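First up is the structure itself, then whatever we jot down about it.
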Amino acid sequence: MARRVAAFKQQVKERHEQKAEFHPHDALFKLFLRQPDTARDFLAFHLPAPIHALCDMKTLKLESSSFIDDDLRESYSDVLWSVKTEQGPGYIYCLIEHQSTSNKLIAFRMMRYAIAAMQNHLDAGYKTLPMVVPLLFYHGIESPYPYSLCWLDCFADPKLARQLYASAFPLIDVTVMPDDEIMQHRRMALLELIQKHIRQRDLMGQVEQMACLLSSGYANDRQIKGLFNYILQTGDAVRFNDFIDSVAERSPKHKESLMTIAERLRQEGNNPKPCI
C-alpha cells in the first residue's frame, strides 16, 4: 500500500513538473500566433498551398477555443482562427506539442479537436460542417517528428480503418429492402418487417408474413409482446384487433399467448405501456 501511495505521489509530482514546463512554451507560442499579421505569415509558409488559395486571409479572426475539453489541453496549447473561404466559413486550428516525448496518437487527438470545433460551429446556428484545418507545431527532442499525422494510422489495422472511415458508412435501409429478403433475416426479420411497414394505414397485408415468422420460433415471448405493443402505439390502432386476431389464427403455437397479449392491450386502451 505504501508503495502505491509513493508511486501516486511521484506521478502527481511529475505531472505538476510537466505542466510547469509547458507554461513558457504556451505563453511564447500564443504571444506570436495570436497576432494577425504573424499568423498570416505563419499560414503563408505552412498552410498547404491549395487550402491557402481558398482562404481570404484578410478575414482571419482569433476565436475562443474554450469548448475544447480540459483533458485535451493537458499536453498541448492551441490557437484557433476563423477564416472565410470560397466554400464558406472555415477554421484553422494550430496545436503546439509541449511534450518532450511525442504522442503516437496525436493525430487522433487532432481529430477530436477538429470535431469539437465543427460541433461548436453547428451550435452557433450553422447548418453545414465547416472545414477545420488542424496544424501541429512541433519542437520536441526527437527529430524528425516520428509519427504519422493521419488519424487512420492510429488504428491497429489502418487498412481496415480506411475502408470504413474514408467512405460512406454502412446503411440498412429497410424502406427499400424487398420483403422476401427481410424474411430471410432470422431473428431480425420481425423487427425489420414491422418497422418497414409500420407507417402504412393497414398492416393486414403483412399477416401471413408475421404468422410465418412467429412460427419460426426466432422471437421470445417478451419480444413478441413488445412488438404488438409497438404496433398498437405506432400503427393503425383502428384495425389492430383484426390484425392481431388474424395473426393469432394463423399461429397455432402462439395463439394463446397472442390472444392474452391482445386482451391486455385492449384493456389498456389508449394508454399502452412503452415497448420494453
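Residues in the sequence shown are numbered consecutively from 1, following UniProt numbering.
The beta carbon of each residue, even a glycine, is placed where N, CA and C say it ideally should be.
Treat the numbers as computed from the prediction; the structure is a model and nothing was measured.
Is the beta carbon of residue i less than 9 Å from the beta carbon of residue j?
| i | j | result |
| --- | --- | --- |
| residue 171 | residue 214 | no |
| residue 80 | residue 62 | yes |
| residue 33 | residue 45 | no |
| residue 207 | residue 250 | yes |
| residue 94 | residue 78 | yes |
| residue 144 | residue 152 | no |
| residue 194 | residue 210 | yes |
| residue 239 | residue 179 | no |
| residue 137 | residue 92 | no |
| residue 219 | residue 232 | no |
| residue 110 | residue 134 | yes |
| residue 224 | residue 185 | no |
Write down the C-beta distance between residue i and residue j rounded to the nearest angstrom, noting that I regard them as a contact closer than 8 Å.
| i | j | result |
| --- | --- | --- |
| residue 234 | residue 198 | 5 Å |
| residue 114 | residue 149 | Wrong, their Cβ atoms sit about 12 Å apart, outside the cutoff. |
| residue 167 | residue 204 | Contact flag wrong, Cβ pair sits at about 41 Å. |
Give the secondary structure of residue i by DSSP, where H, G and I count as helix, E and B as strand, and everything else as coil.
| i | result |
| --- | --- |
| residue 22 | Low confidence applies to residue 22: its pLDDT is 48, below 50, so where it sits in the model is not reliable, and the reading given next is rough at best. Helix, per DSSP. |
| residue 59 | strand |
| residue 177 | coil |
| residue 48 | coil |
| residue 126 | coil |
| residue 92 | strand |
| residue 33 | helix |
| residue 80 | strand |
| residue 134 | strand |
| residue 87 | coil |
| residue 139 | coil |
For residue i, would you say it is in contact with chain B, using Cβ-to-Cβ distances shorter than 9 Å as the test?
| i | result |
| --- | --- |
| residue 145 | In the displayed structure, chain B is absent; only one protein chain is listed. |
When you compare the region 88-95 with the region 121-135, are there three or more beta-carbon pairs, one atom per stretch, that lie closer than 8 Å? Contact between the region 88-95 and the region 121-135 is established, with three or more Cβ pairs separated by less than 8 Å.
What are the start and end residues of each continuous alpha helix (DSSP H) run of 4 or more residues lying completely inside the region 165-240, in chain order? Listed in chain order, they are 179-182, 189-197, 207-215 and 221-234.
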